[in-house]
Structure formats: structure tokens, C-alpha cells
Amino acid sequence: MITLRVILDQLTAPVPGGIGRYTEELTRELIATAPRGCEVVGFVPASPEPVYDSILERLPGLAGLHKSPLDRRQLALAWQGGITSLPKNEMIHAPSLMAPLRSHDRLHHGTQIVATIHDTVPWSAPETLTRRGAAWHRDLAQRAKRHADAIVVPTHAVAAQLTEFVDFGDRVRVIGGAPSSAMRLPDDADERAERLGLPERYVAAVGTIEPRKGLDLLIAAMALETAPDVALVVAGPPGWGGVNLAALAAPAGLAPERLIVLGYIDDA
Numbered sequence: 006m007i008t009l010r011v012i013l014d015q016l017t018a019p020v021p022g023g024i025g026r027y028t029e030e031l032t033r034e035l036i037a038t039a040p041r042g043c044e045v046v047g048f049v050p051a052s053p054e055p056v057y058d059s060i061l062e063r064l065p066g067l068a069g070l071h072k073s074p075l076d077r078r079q080l081a082l083a084w085q086g087g088i089t090s091l092p093k094n095e096m097i098h099a100p101s102l103m104a105p106l107r108s109h110d111r112l113h114h115g116t117q118i119v120a121t122i123h124d125t126v127p128w129s130a131p132e133t134l135t136r137r138g139a140a141w142h143r144d145l146a147q148r149a150k151r152h153a154d155a156i157v158v159p160t161h162a163v164a165a166q167l168t169e170f171v172d173f174g175d176r177v178r179v180i181g182g183a184p185s186s187a188m189r190l191p192d193d194a195d196e197r198a199e200r201l202g203l204p205e206r207y208v209a210a211v212g213t214i215e216p217r218k219g220l221d222l223l224i225a226a227m228a229l230e231t232a233p234d235v236a237l238v239v240a241g242p243p244g245w246g247g248v249n250l251a252a253l254a255a256p257a258g259l260a261p262e263r264l265i266v267l268g269y270i271d272d273a
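The numbers in my numbering rise by one with no breaks, and the one at position 154 of the sequence shown is 159.
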């Protein structure tokens, strides 16, 4: 039996964000399309039992959970320093740079490690991250340069930008994302839109509200008089950085009625 171990740390995070969504959807499809003789196992940091139960419920068919004795913060620091004790002779897929990157002999032992880099923000705009977060990503990218067998990126643009900062040579694989299977128009769409107070015409921005999302630029663009009847609807939970959208809108000249902040909403 071949084991594909997927790193599910983001599913244990207080705010899973876009990478949490990516991780869950990708793992669900890896389980569904795994070839005969291959099992998919999740790897998770130390978490409360209800978190484990939730992951197993959301990912039916997962062969099991490898539960680290380290919590998420401890595990991030350990892997940043190259300290890992994951089993050998396995395929490991990390949906981010949170990966057990170490020296391994893939020729004789069959171990393969794949990591994912979603953007070049830690290098191109580090001021939009915490100092520790930007340094962590850069450190893990250097470990990936030495030890990863492949690097997944979402677009050719990211692939091109990445070569300016860390050159992975021919190990980069461009694999675009896809819509979630859960994203379907509900039967009561009009009623939901009315309850949310959505106008007839609007621009929607979806994602965790953080400095690096560029919402200040989006608000400034929406404040232009080219489409004064179009509102800006922002959906997503607050992240770090204390971004206050109303405080950004006022000096930009975006009228209060043209900014609708929904917070976190479910898929429907």
C-alpha cells in the first residue's frame, strides 16, 4: 500500500482562510481519485478532539489522521528549523509551505515531498505580512529549494515572479485552482440576497480581511465616479492587522451606502 500524506494544518487554524478552502477541496478530490493501492492520510498538528472529528467528517474516505504531538505554532517552528520525524517511503503533499522539508533519498526509498507556493508576497510585499510571517515563508522557501521534489504554484504569473526570488528550476508545476463543488446557486438565492441587503449591482470581494489583500486599493478604485451606482460587497472573516474598511472608505470618498461588509458567510 502506498501512502499519500497530505498536510492539513490549515484546517486546524482559527481562521482557515483561502488556503484552508484549497486544502479541504484538494484533499477531497485526492481521496476520490486516488489510484488502487494508494491511501490518503491527513497530517494535523496537536488539536482538540472535536477538531479531529470535524476533519474526518468533512473528508470522508480519509484513511486516518497522523496527529503530531506539537501544536500548530510549535510545528511551524520545528519545520522551519528542519526538525521532523515523519515516516519515510511516503509521498507528502503540502498545500502550502508548511511542509516537513528534509533531505531524503527518493531514488532508493521512494520518499517524495511536494510543497505549494501561492504568491510571492513574502518577497514582493513583505510589509503586508507580519515580520515573523514573512521571514517564516522565506526560510521555508529556501528549505524547499534544497529538499522539495516539486513546487506547485497556481498561475504562470506566480511561476515567473518566483524565479526572481527563489529559482526552483524545472521543479515548478503550474496547477490552477477550480471552483468548489459546494459552490452552487441555492434555490432561495433571491431571498438570501434580500436578507443580506445586496443591491442590484455590486462588485464582490471574498477573502480574509488583512493588509495584504489590497482592499485599500479596491476601495480607492470603487470611489471613482465611473460607476457611482455600483456598491462594494466584502465577504470574509477578519484576520490579523485590524483592517477597518469603513475607516478606509471615508478618506477615499466611498459613500457609506456603497460599502457592505458581510463578514463570514456560508457557501450558499
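We put the CB at the ideal spot given by N, CA and C, even for glycine. All values reported here derive from a predicted model rather than from experimental measurement.
- In the DSSP annotation of this structure, H109 is not part of any beta strand (DSSP E), being labelled neither H nor E.
- Under DSSP, P243 takes part in a beta bridge, and its partners are I214.
- Annotation for G23: no beta strand (DSSP E) segment contains it, though the alpha helix (DSSP H) segment containing it runs 22-38.
- Shown here, I270 sits in coil according to DSSP, grouped into three states, outside any helix or strand.
- Relative to V20, the option among N249, S101, W245, D58 whose CA is nearest is W245.
- Where Q117 is concerned, there is no enclosing alpha helix (DSSP H), although the beta strand (DSSP E) around it starts and stops at 117-121.
- Looking only at T17, A252, A255, G247, the smallest Cα-Cα distance to T135 is reached by G247.
- With fewer than 16 neighbouring CB atoms inside 10 Å of its own CB, I180 falls in the exposed class.
- K72 is bridged by DSSP to V49.
- With a 10 Å radius around the Cβ and a threshold of 16 neighbouring Cβ atoms, K218 comes out buried.
- Here L203 is near V238, since their CB atoms are less than 8 angstroms apart.
- Secondary structure note for R10: its beta strand (DSSP E) is the uninterrupted segment 7-12.
- Counting only residues of its own chain and dropping the five nearest sequence neighbours on each side, L253 has a CB closer than 6 angstroms to the CB of D221, I224.
- Under DSSP, the beta-bridge partners assigned to E44 are T8.
- Note that the C-beta distance between L82 and H152 is not below 8 angstroms.
- DSSP places L91 outside both helix and strand once states are collapsed to three, so it counts as coil.
- When secondary structure is reduced to three states using DSSP, I224 falls in the helix class.
- With distances taken between CA atoms, R148 lies nearest to I122 out of I122, T160, T133.
- Taken through DSSP and simplified to helix, strand or coil, I97 comes out as strand.
- Rounded to whole angstroms, the Cβ separation of P50 and D14 is 5 angstroms, and the two are in contact under 8 angstroms.
- Pairing Q79 with W141 gives a Cβ-Cβ distance that is not under 8 angstroms.
- By the beta-carbon neighbour count (other beta carbons within 10 angstroms, threshold 16), M227 is buried.
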